[in-house]
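**Q** Residue numbers (the working numbering): 144 to 658. The beta carbon of each residue, even a glycine, is placed where N, CA and C say it ideally should be. None of the values given here were measured: they were computed from a predicted structure.
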Amino acid sequence: MLGHSRRTFVALLIVTAVSTLLYSRTLFTRHQDRNHSLARRLMGMVRENPSSLFNQSQSPTSSRVIASSQPPTSSRPSSSSRPRPTCTERRRLAFAKNHKVGGDTIKRIFDRFGYVRKLNFVLPRSLVVSKMYPYQLYPTSYLPPPQNQSFDMLVYHTVYERERYREILPKDTVYLTIIREPLSHLKSTWNYYKLQKKFHIEENGEDPILTFLANPGEYDKKCGHGRHVPYCLTQNAMSTDLGFPASTNKRVGPGCDTDERETITQNFLKIIKDDFDLVMMTEYFDESLVLLKRLMCWSLKDIIYYKTNTRSYVSKEKQIPPKLQQNHKEWSYVDYALYDQFNQSFWRRVNSAGNDFWGEVRYFKHVNEKMKELCDSYKSSKPCSISTLNFKDSRWGPGFTVDRNFCMLAKRSLRCYLLLESERAAKALRLNRRNITLYSEVNLESFKKAAKSRKGRTTVKAIDVILENCVNCKLRDCGSLDHLSHLHYDGYVNSATYSSIVNREYPNFARKCNV
Numbered sequence: 144m145l146g147h148s149r150r151t152f153v154a155l156l157i158v159t160a161v162s163t164l165l166y167s168r169t170l171f172t173r174h175q176d177r178n179h180s181l182a183r184r185l186m187g188m189v190r191e192n193p194s195s196l197f198n199q200s201q202s203p204t205s206s207r208v209i210a211s212s213q214p215p216t217s218s219r220p221s222s223s224s225r226p227r228p229t230c231t232e233r234r235r236l237a238f239a240k241n242h243k244v245g246g247d248t249i250k251r252i253f254d255r256f257g258y259v260r261k262l263n264f265v266l267p268r269s270l271v272v273s274k275m276y277p278y279q280l281y282p283t284s285y286l287p288p289p290q291n292q293s294f295d296m297l298v299y300h301t302v303y304e305r306e307r308y309r310e311i312l313p314k315d316t317v318y319l320t321i322i323r324e325p326l327s328h329l330k331s332t333w334n335y336y337k338l339q340k341k342f343h344i345e346e347n348g349e350d351p352i353l354t355f356l357a358n359p360g361e362y363d364k365k366c367g368h369g370r371h372v373p374y375c376l377t378q379n380a381m382s383t384d385l386g387f388p389a390s391t392n393k394r395v396g397p398g399c400d401t402d403e404r405e406t407i408t409q410n411f412l413k414i415i416k417d418d419f420d421l422v423m424m425t426e427y428f429d430e431s432l433v434l435l436k437r438l439m440c441w442s443l444k445d446i447i448y449y450k451t452n453t454r455s456y457v458s459k460e461k462q463i464p465p466k467l468q469q470n471h472k473e474w475s476y477v478d479y480a481l482y483d484q485f486n487q488s489f490w491r492r493v494n495s496a497g498n499d500f501w502g503e504v505r506y507f508k509h510v511n512e513k514m515k516e517l518c519d520s521y522k523s524s525k526p527c528s529i530s531t532l533n534f535k536d537s538r539w540g541p542g543f544t545v546d547r548n549f550c551m552l553a554k555r556s557l558r559c560y561l562l563l564e565s566e567r568a569a570k571a572l573r574l575n576r577r578n579i580t581l582y583s584e585v586n587l588e589s590f591k592k593a594a595k596s597r598k599g600r601t602t603v604k605a606i607d608v609i610l611e612n613c614v615n616c617k618l619r620d621c622g623s624l625d626h627l628s629h630l631h632y633d634g635y636v637n638s639a640t641y642s643s644i645v646n647r648e649y650p651n652f653a654r655k656c657n658v
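#1: Distance, Cα to Cα, I209 vs Y479?
#2: Determine, for P277, whether the minimum Cβ-Cβ distance to residues of chain D falls below 8 angstroms.
#3: Should V545 be labelled buried (16 or more other beta-carbon atoms within 10 Å of its own) or exposed?
#4: According to DSSP, which residues form a beta bridge with T320?
#5: Beta-carbon separation of Q378 and N392 under 8 angstroms?
#6: Between A639, S583, R576, D620, which lies nearest to E611 when the distance is taken from Cα to Cα?
#7: With distances taken Cα to Cα, identify the nearest neighbour of N241 among S293, T332, K436.
#8: Taking 6 angstroms as the limit between beta carbons, can you name the residues of its chain near C366, skipping five residues before and five after?
#9: Could you tell me which residues DSSP pairs with N533 in its beta bridges?
#10: Comparing the CB of C399 with every heavy atom of the ligand GDP, is any distance shorter than 7 angstroms?
#11: By the 10 Å Cβ neighbour count, where 16 or more other Cβ atoms means buried, how is N470 classified, buried or exposed?
#12: Kindly indicate which residue of D483, E310, D445 has the alpha-carbon position closest to the one of E324.
#13: Pull up the DSSP beta-bridge partners for L659, would you.
#14: On a Cα-Cα basis, can you pick out the residue from E426, S638, S293, C399 that is closest to I311?
#15: I'd like to know whether the C-beta atoms of L236 and L319 end up nearer to each other than 8 angstroms.
#16: Please state whether DSSP places Y303 in a helix, a strand or coil.
#17: If I measure Cβ to Cβ from G246 and keep anything under 7 angstroms in the same chain, skipping five residues before and after, which residues do I get?
#18: Going straight from the alpha carbon of P351 to that of H343, what length do you get?
#19: Relative to the C-alpha of R547, which residue among F253, R567, M514 is closest?
#20: Using CA atoms only, rank isn't needed, just tell me which of D625, V510, V259, A553 is closest to E648.
#21: Rounded to whole angstroms, what's the CA-CA distance from V317 to K461? Just pull it up for me.
#22: May I ask which residues mark the beginning and end of the alpha helix (DSSP H) holding C230?
#23: In the DSSP output, what is P267 paired with across the bridge?
#24: K364 by DSSP, collapsed to three states: which one?
#25: Along the alpha helix (DSSP H) that carries M275, what are the first and last residues, could you check?
#26: Helix, strand or coil: which one does DSSP assign to G257?
#27: Q290: which of L356, D417, M424, L574 sits nearest, CA to CA?
#28: Give every residue of the same chain whose Cβ lies closer than 8 angstroms to the Cβ of I644, excluding the five residues on either side of it in the sequence, and list them in chain order.
#29: Suppose you measure from the CA of S269 to the CA of D499; what does that come to, to the nearest Å?
#30: In chain order, what residues of the same chain lie with their CB nearer than 8 angstroms to the CB of D420, ignoring the 5 residues before and after it?
#31: Which value, in whole angstroms, describes the spacing of the CA atoms of I579 and R234?
#32: Quick one: grab the DSSP three-state call for T354.
#33: How about R567 and D633: are their beta carbons less than 8 angstroms apart?
#34: Cα-Cα, which of T229, I249, T231, E232 is closest to L557?
#35: F549: which of L561, S565, S530, P541 sits nearest, CA to CA?
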């Protein structure tokens, strides 16, 4: 009887041990599966359900792989404590700035980035924005870099020429551009350059742009519409800005040899593919900027923006009949091929981006809207508004602050950036008010008149400090606060003087509020 009890007891011990082992193994397997799932998400192989992005303490209810070229629906962004990729910020870039593609907004981002870091820009001599366009990228057309230094950025209008760009810029320069759907591009060009008037198309009951598209070659007979506007306004205009020879348009237009046209087109597209690190898309502006940020290893603060040079016009929403659309495709064949190829490569790049690309796009849009709300509130006459916005660290980059000084930089005009960048370059080249006239049209008489008006003044004003320290002042292009802030930023005006003048002359800018 005793032996039977022992055998029963031993059997129970064995069963208990086996059960414990199986349970432990199950727990280990579940834990291992969770670790594998997390690893896949961190590697960007699996996209989380959008709702889980904004409450990181909750587990995702589902996962899916993004294979479509269309972005998912937007939602509220948030930060995350997940690890971020590490890389080194890249500061040298060449921006092939096409016309009417949103390039001014991109350029203002680059202007701000380079200005804050005191980088060397290729600046058009005489400080005329379009002075280097179309084929003027020669030493006589731009200011030289400071002694024993090289250029960092080329962002002004000029036709892309591979050899010239590489002679001017260092080897580690990143090459960028942006393009737009060709028919949308034509509509924008049509409005901005007033092509109805230029082509002498009279109102006859039909929309003038439809009259043009019925037979483009009848109206736009050759490239070359003036010195400071695009050489090709309607035929392969973007490709021409990117270096496609204007004289070759006749060989790729309607009625040409289709085999030769395809050969010419593909050879050109190969050059763009080989030369450019990123081709952005106007229609997917924010997505393009996130790709730019990742390529350059910049922060989200570096790419938030105010749009510039945007307009509403009648032809913008005009529906073009299919036959006329086909006419335009034949007329501007290379531009359509350019757009089709880089639209496809753009989405391949997006879909392989990893680290929750779409989450970052949503977060970026949220940050950008909040920045605009803050910066616009500074114009309010209300007694108090939010002084700063503080964004925490996220999985896509470190946290940052947006304040009044940043808003001034974000909204600064392109002409003002050109003036301040040239002011900085002039001092680096040791120019003064007399020899600056070799590079810019400075009215020395205005300086003399301003100096006379300062006699006997007991209080130092902003204009006094500006005139005393600047070489190339133009208040019509750049406000006095921009000039004063620039001189303070570059160390020509001390903080005490700067604060005193700002508090006295710009009280709204100096106003601080409790958040």
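**A** Reading it off the structure:
#1: For I209, the pLDDT reaches just 31, beneath the cut-off of 50, and the residue's location in the model is therefore unreliable, although a value from the coordinates is still provided. Computed Cα separation, rounded: 27 angstroms.
#2: Note that chain D does not occur in the displayed structure, where there is just one protein chain.
#3: buried
#4: Paired residues: A239, V422.
#5: Result yes, Cβ atoms of Q378 and N392 sit closer than 8 angstroms.
#6: That would be R576, whose Cα lies nearest to the Cα of E611.
#7: T332
#8: Excluding sequence neighbours, C366 sits near Y374, C375, A389.
#9: T544
#10: The model depicted lacks the ligand GDP and carries no ligand whatsoever.
#11: buried
#12: D483
#13: Since the first and last residues shown for the chain are 144 and 658, residue 659 lies out of range.
#14: S293
#15: yes
#16: Residue state for Y303 is assigned as coil, using DSSP reduced to three classes.
#17: K240, I321
#18: Approximately 10 angstroms between the Cα atoms of the pair.
#19: Ranking the options by Cα distance to R547, first place goes to M514.
#20: D625
#21: 37 angstroms
#22: Premise fails: C230 is in no alpha helix (DSSP H) and is neither H nor E.
#23: The partner list for P267 (beta bridge, DSSP) reads Y285.
#24: coil
#25: That residue, M275, is in no alpha helix (DSSP H); it is neither H nor E in DSSP.
#26: helix
#27: L574
#28: Counting only Cβ-Cβ distances below 8 angstroms, and skipping sequence neighbours, we find V603, K604, A605, V608, L627.
#29: 46 angstroms
#30: Same-chain partners within the cutoff: V317, Y318, L319, L438.
#31: 28 angstroms
#32: helix
#33: D633 is positioned such that its CB atom lies closer than 8 angstroms to that of R567.
#34: I249
#35: Of the residues L561, S565, S530, P541, the one whose Cα lies closest to the Cα of F549 is S530.
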